[in-house]
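Below is one structure, written out as structure tokens; the observations come after it.
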Amino acid sequence: MANSTTKIAFGNNTPEDNDFWSREFGDHREWKFVNDYKTDKGEYDPNYKSIKWDWKENIKSGEVQALAFKNIVYKTKDLKGKMVVGKAKVDFLESKYKEKQKIKFYNFAKFTNGININETTAKKNSSSSDDASLENEPIFDNSYHSHYKFDDEEPIIHYKKTE
0 MANSTTKIAF GNNTPEDNDF WSREFGDHRE WKFVNDYKTD KGEYDPNYKS
50 IKWDWKENIK SGEVQALAFK NIVYKTKDLK GKMVVGKAKV DFLESKYKEK
100 QKIKFYNFAK FTNGININET TAKKNSSSSD DASLENEPIF DNSYHSHYKF
150 DDEEPIIHYK KTE
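Counting in numbering that gives the first Met the number 0, the sequence shown runs from 0 upward without gaps.
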């Protein structure tokens with residue numbers, strides 16, 4: 000999924016896709032240095048060499064390719080707006096979520112101020128319309144008989160409705 004703030008990538012992609020995801024997950028800065036190992040003493044050299052503050056990929060393209068089944072790499076924003084990149088495990092939905100859910104009914108009569116909703120809908124349905132079935136939709140705007148004026152610089156709020 001790539002068309003959202005949160006990006007998710009599964010493994011087993013093509014090499015081109017892996018490169019894309021590696022670039023998409025971005026880079027971060029960290030210290031890089033060389034720490035030599037002295038074989039004659041059997042210890043690391045206490046002096047670091049080639050120290051620099053450099054960019055490193057968050058997720059390499061090989062890591063995306065090597066993701067196991069039910070594993071993902073993600074990028075999202077935290078509450079402060081900072082990008083967070085990480086790995087996660089996912090699984091299939093449990094069967095209880097696939098079962099038919101009980102429908103809940105709510106009584107909104109106390110919020111209508113004495114208006115009978117059924118009478119209001121009956122009045123709407125009794126009015127003449129080209130397509131009466133659309134009037135039962137939650138959002139309905141019948142602009143079939145509307146004629147807009149486009150020959151002036153006024154906004155399109157001016158229209159003349161014909162019966």
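Beta carbons are placed, not taken as given, at the ideal position from N, Cα and C, and that holds for glycine.
Checking the DSSP bridge columns, you'll see A8 partnered with V72.
Listed as beta-bridge partners of W30 by DSSP are W52. Per DSSP, the continuous alpha helix (DSSP H) segment holding G61 begins and ends at S60 to Q64. When the beta-carbon positions are compared, V72 and F24 come within less than 9 Å of each other. Per DSSP, reduced to three states, the secondary structure at A67 is coil, with no helix or strand assignment. Shown here, K109 sits in a helix according to DSSP, grouped into three states. Beta bridge pairing from DSSP links K86 with V72.
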